[in-house]
Structure formats: structure tokens, C-alpha cells
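Novice: Each position in the sequence shown, counted from 1, maps to that position plus 3 in the working numbering. We put the CB at the ideal spot given by N, CA and C, even for glycine.
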Amino acid sequence: MNPAFPTSTSPAAWLSRWRQRLWRLQPGDFNAVVLRHSRIYILPTRRGIALIATLAIMLLTSMNYALSLGYALTFVASGMVAAALLATFRNLAGIAILPLVAGEAFAGGDMEFTLSIVSGGRERTGIRLTPNDGPPIHVDLPASATRPLQLHVAARRRGRLPLGRVTLSTDFPLGLWRGWAYVHFPLTASVYPAPEASPPPLPPGRQGSDARRAERASEAELAGLRDYQRGDPPHRIAWKAVARGAGWYTKQFEGAGGSGAIELDWADLPSGLDVETRLSRFTAWILAGEREARPFALRLPGTDLPQGQGAGHRRAALTALALFPRSSDAGES
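(1) Residues in its own chain within less than 8 Å of Thr191 by CB, not counting five upstream and five downstream?
(2) By how many angstroms is the C-alpha of Gly124 removed from the C-alpha of Gly292?
(3) Exposed or buried, Pro196, counting other C-beta atoms within 10 Å across all chains shown (16 or more means buried)?
(4) Whole angstroms is fine: what's the gap from Thr48's alpha carbon to Ala158's?
(5) Taking only runs of the beta strand (DSSP E) that begin and end inside the region 101-161, which ones reach a length of at least 3 residues, in chain order?
(6) Mapping DSSP to helix, strand and coil, what is Thr77?
(7) Near Ser13, which residues of its chain fall below 6 Å by C-beta distance, leaving aside the five closest residues on each side in sequence?
(8) Measure the alpha-carbon distance for Val278 versus Ala270 and round it to whole angstroms.
(9) Which class does Glu424 belong to by DSSP, given the choice of helix, strand or coil?
(10) Taking DSSP's pairing of strands, which residues face Ala291 in a bridge?
(11) Any idea what DSSP makes of Thr48, helix, strand or coil?
(12) Where do the N-terminal and C-terminal ends of the beta strand (DSSP E) with His187 fall, by residue?
(13) Can you give me the start and stop residues for the beta strand (DSSP E) that Leu190 sits inside?
(14) Compare the beta carbon distance of Leu95 and Thr173 with 7 Å and say whether it is the shorter of the two.
(15) Who does Tyr195 pair with in a DSSP beta bridge?
(16) Should the region 182-191 be regarded as contacting the region 15-32, the criterion being three or more beta carbon pairs within less than 8 Å?
(17) Does any residue of chain B have a CB that is nearer than 7 Å to the CB of Pro102?
(18) With a Cβ-Cβ cutoff of 7 Å, do Ala320 and Ser193 count as a contact?
(19) Put Ile240 into one of helix, strand or coil per three-state DSSP.
(20) Is DSSP giving Gln23 helix, strand or coil here?
(21) Please name the residue in Arg317, Ala56, Leu103 and Glu115 whose C-alpha comes closest to that of Phe33.
(22) Counting Cβ pairs, one atom from each stretch, are 3 or more of them under 8 Å apart for the region 110-122 and the region 198-206?
(23) How many Å lie between Thr253 and Pro207 at the Cα?
(24) Only counting the same chain, and skipping five residues up and downstream in sequence, which positions put a Cβ closer than 7 Å to that of Pro176?
(25) Would you kindly work out how many angstroms separate the C-alpha atoms of Arg160 and Ala110, rounded to a whole number?
(26) Evaluate Leu179 with the Cβ neighbour count: other Cβ atoms within 10 Å of its Cβ, from every protein chain shown; 16 or more gives buried, anything less gives exposed.
(27) For Gly311, list the residues DSSP reports as bridge partners.
(28) Using the beta-carbon count (16 or more within 10 Å), is His141 buried or exposed?
(29) Can you tell me the Cα-Cα spacing of Gly31 and Ser65, whole angstroms?
(30) For His316, is the classification buried or exposed, using 16 other Cβ atoms within 10 angstroms of its Cβ as the cut-off for buried?
(31) Among Phe92, Ala146, Trp288 and Pro139, whose alpha-carbon lies nearest the alpha-carbon of Val121?
(32) Using the three-state DSSP reduction, which class does Ala85 fall into: helix, strand or coil?
(33) Three-state secondary structure (DSSP) at Thr286?
(34) Is the CB-CB distance between Leu301 and Leu276 below 7 Å?
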């Protein structure tokens with residue numbers, strides 16, 4: 004049973020069903036949506052209202068003064084307005100749209116959601132897709148075309164972010180009518196905490212002293228250089244490049260890196276840090292560990308992520324940070 008459409012016959016349930024049908028306030032579209040007449044709404048634009056008002060005045064004037072030429076001009080222009088109404092409807096009718104995937108984003112950025120739009124058997128011109136909390140995108144589609152579209156939604160805070168309701172609209176061909184339809188897919192993404200701007204250096208690895216880590220780095224294969232970042236260990240700085248005056252760079256190694264595995268433990272952070280600062284610091288450390296190809300483990304209250312590395316491990320760790328409870332006293336003790 005779809006929770007967006009309660010089956011009760013009470014007035015409140017009846018009103019809820021019609022609100023959902025008219026405005027798609029809840030994510031009730033679980034499969035591909037094909038736009039039919041029952042989902043498309045059309046109203047005149049400001050230009051259309053002005054033209055319709057002008058035609059009404061022309062008709063009244065022609066009736067008052069018995070102007071045959073005025074009748075002819077009024078009816079020809081009215082036929083153009085009616086034809087534009089049909090063209091606007093046909094520009095939307097038959098379009099199919101379905102959700103594909105959600106991207107990754109940090110708090111304060113934009114989340115990218117990907118939808119697929121299918122034009123069907125007709126060419127589509129001037130189609131506009133607008134998410135609830137993001138800029139619109141415009142697309143023209145040839146006949147029988149399928150195209151992925153990226154919608155950007157503001158990711159203001161960490162946690163779950165739904166795509167929300169998307170509006171498809173058009174005022175093609177003359178801008179006299181605006182046709183639109185709503186789709187609302189249950190597509191969500193995880194917004195990661197924003198990384199700390201100037202985090203402390205990474206915690207020391209669990210595989211021995213600094214001397215042994217330096218020896219391990221010398222045995223690893225040098226992958227290249229990157230720009231020096233505050234907190235990089237001194238033994239990984241490209242001192243020869245610094246001596247030549249070429250700038251400050253840090254060595255990058257392939258494999259497990261030269262500093263050993265690290266453990267990111269909630270209990271090891273200073274007790275005075277609040278929850279959001281702790282999460283931001285862990286985010287910055289996870290990204291730094293990935294840049295240095297260092298495996299890491301993550302321990303949070305209620306979450307114990309074993310040691311690992313790679314894109315999947317990073318995503319799992321950042322998702323755990325994104326979904327960490329917002330309670331101000333979580334883990335503060």
C-alpha cells in the first residue's frame with residue numbers, strides 16, 4: 004500500500020489524497036513517470052493574459068461597431084492562441100522521467116542528483132526542470148532521445164538530503180501558456196560533514212615509531228608530488244625541490260603509503276570539542292588519509308568500522324559521519 008494515498012474515506016484522508024494528486028507533496032513516484040493529461044497543468048502566462056484581454060476588447064469593439072475585419076482579425080488571433088495551447092500540452096505529453104543516482108557532497112555545497120529523461124516519439128523544445136531547492140536546467144530533446152540530467156540541490160547541513168519535488172515546465176512555442184507537471188521520487192543522498200579548514204596532523208600510525216614509518220616510506224614506490232599542506236609529516240616533504248627553490252611539495256607513495264594504518268577513535272579527541280567539530284575533524288582526516296593512501300579504522304559511539312581503504316571504505320566512513328545523531332551530548336562524555 005502506498006502511504007502517500009491513504010484508503011480511508013474520512014474528509015481528512017480525502018483531502019490528503021487530492022493534495023497529493025495535485026501537488027505531489029510526498030515522494031509517491033516509485034517507478035518511471037510518463038506525463039499524461041492527468042498530470043499536466045496549463046495556465047496562461049502574463050503575455051498570454053495580456054493577449055487574451057486584448058482579444059476580448061477587440062471582440063467587443065467589433066461587435067459595437069459591426070467591424071467585419073475586426074471579427075476576422077480577432078478570430079484568427081484567437082485560433083493562434085488555441086493552437087499554442089495545444090502545442091504547449093503536446094510538448095510535455097509523453098515525456099518519461101525516472102531517477103538514476105545521487106552523488107556525494109559536503110555540507111555547504113551542492114548535491115548532484117541524476118535523472119533520465121526520455122523524449123518519446125516527438126521532438127521536445129524548451130523543457131525546464133526545477134528542483135525545490137536548486138537552480139533550473141533547460142533542455143531540448145530530439146525525437147526518441149534519452150538523456151541523463153544533473154540537478155543540483157543545496158546541501159546546507161549534513162545528514163539525509165532528499166531530491167524533493169521536481170517541476171517540469173515549458174512555455175513553448177509562443178510563451179502564451181505555461182504547462183507544468185510535478186514528479187516526486189524517493190531519491191535521497193547523504194551529505195557529509197564539511198571538513199575542518201585547518202585540521203591537526205593525522206594521528207600517528209599503529210605500526211611503530213616515526214623511524215620505522217620513515218623506513219617504510221622509503222621502501223614504498225614514489226607515485227609523485229603534490230602541493231604541501233599544513234600538517235604533512237616532515238620526512239615526506241620533497242626537500243630537494245625546496246632547496247632548488249621550486250616550491251613546497253609532499254611526496255606521495257603507492258600502496259599502503261609510508262605512515263602505516265591509522266585509527267580514528269572518538270574517545271581520542273579532546274573532550275572540549277563539540278559533536279560537529281569532531282565530525283568535521285574526522286572528515287578532514289579521512290580525506291587526508293585517502294590522499295596518502297593510508298588505511299584507517301573509524302570508531303564512533305555505536306559504530307565500529309574496521310580498518311580498510313579505497314573509495315568504498317571512504318564512502319562508508321563518511322556516511323557514518325553524515326548520519327551520526329545530532330544530539331548535543333552524543334559522545335561528549
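Specialist: Judging by the given coordinates:
(1) Residue numbering aside, residue 191 sits at position 188 when the sequence shown is read from its first letter. These residues qualify, in order along the chain: Ala105, Arg163, Leu164, Pro165 and Leu166.
(2) Here residue 292 refers to the residue found at position 289 of the sequence shown. Here residue 124 refers to the residue found at position 121 of the sequence shown. When rounded, the distance between both Cα atoms is 50 Å.
(3) Reading the sequence shown from its first residue, position 193 is the one you call residue 196. Classification for Pro196: buried.
(4) Here the question's residue 48 lines up with position 45 in the sequence shown. Here the question's residue 158 lines up with position 155 in the sequence shown. Taking the straight line joining both Cα atoms gives about 32 Å.
(5) 112-121, 127-134, 140-144 and 149-158
(6) Counted from its first residue, the sequence shown places residue 77 at position 74. Of the three classes helix, strand and coil, the one that applies to Thr77 here is helix, per DSSP.
(7) By 1-based counting over the sequence shown, the position of residue 13 is 10. Here the set comprises nothing.
(8) As a position in the sequence shown, residue 278 is number 275, starting the count at 1. As a position in the sequence shown, residue 270 is number 267, starting the count at 1. Going by the C-alpha atoms only, they are around 12 Å apart.
(9) Outside the modelled stretch of the chain, which goes from 4 to 336, sits residue 424, for which no answer is possible.
(10) Numbered from its first residue, the sequence shown carries residue 291 at position 288. Answer by DSSP bridge pairing: none, since Ala291 is not bridged.
(11) Sequence index remark: in the sequence shown, residue 48 carries index 45 (1-based). Thr48: coil per DSSP, three-state reduction.
(12) Along the sequence shown, read from residue 1 onward, the residue named residue 187 stands at position 184. Trp180 to His187 is the span of the beta strand (DSSP E), which, as asked, contains His187.
(13) Reading the sequence shown from its first residue, position 187 is the one you call residue 190. Element bounds for Leu190: n/a, residue is neither H nor E.
(14) By one-based count along the sequence shown, residue 95 stands at place 92. By one-based count along the sequence shown, residue 173 stands at place 170. In this structure, Thr173 lies closer than 7 Å to Leu95 by Cβ.
(15) Against the sequence shown, residue 195 aligns to sequence position 192. According to DSSP, which records beta bridges pairwise, Tyr195 is partnered with Phe109.
(16) yes
(17) The displayed structure is made up of one protein chain only, and chain B is not part of it.
(18) As a working mapping, residue 320 is identified with position 317 in the sequence shown. As a working mapping, residue 193 is identified with position 190 in the sequence shown. No; because the gap between Cβ atoms is not below 7 Å, this pair is not in contact.
(19) Your numbering for residue 240 matches position 237 in the sequence shown. In the structure shown, Ile240 sits in a strand (DSSP, three-state: E or B).
(20) Residue mapping note: residue 23 aligns to position 20 of the sequence shown, counting from 1. DSSP places Gln23 in helix when its eight states are reduced to three.
(21) For the purposes of this step, residue 33 is taken as residue 30 along the sequence shown, with counting starting at 1. Comparing Cα-Cα distances from Phe33 to each of Arg317, Ala56, Leu103 and Glu115, the minimum goes to Leu103.
(22) no
(23) Numbered from 1 along the sequence shown, position 250 holds the residue referred to as residue 253. Numbered from 1 along the sequence shown, position 204 holds the residue referred to as residue 207. Approximately 17 Å between the Cα atoms of the pair.
(24) To locate residue 176, count along the sequence shown from 1; it is residue 173. Closer than 7 Å at Cβ, skipping near neighbours: Ala87 and Ala90.
(25) Here residue 160 refers to the residue found at position 157 when the sequence shown is read from its first residue. Here residue 110 refers to the residue found at position 107 when the sequence shown is read from its first residue. Approximately 5 Å between the Cα atoms of the pair.
(26) Start at 1 with the first residue of the sequence shown, and residue 179 comes out as number 176. Per the 10 Å Cβ criterion, buried.
(27) As a first step, residue 311 must be located in the sequence shown, where it is residue number 308. Per DSSP, Phe299.
(28) On the sequence shown, position 138 is the one that residue 141 refers to. Per the 10 Å Cβ criterion, exposed.
(29) Locating residue 31 in the sequence shown gives position 28, where the first residue counts as 1. Locating residue 65 in the sequence shown gives position 62, where the first residue counts as 1. Between Gly31 and Ser65, the C-alpha separation is close to 51 Å.
(30) Working through the sequence shown from its first residue, we reach residue 316 at position 313. Buried.
(31) Numbered from its first residue, the sequence shown carries residue 121 at position 118. When each option's Cα is compared against that of Val121, the closest is Ala146.
(32) For the purposes of this step, residue 85 is taken as the residue at position 82 of the sequence shown. Three-state DSSP puts Ala85 in a helix.
(33) The sequence position of residue 286 within the sequence shown is 283, counting from 1. Residue state, collapsed to three classes: helix.
(34) Stepping through the sequence shown from its first residue, residue 301 is reached at position 298. Stepping through the sequence shown from its first residue, residue 276 is reached at position 273. No, they are not a contact pair.
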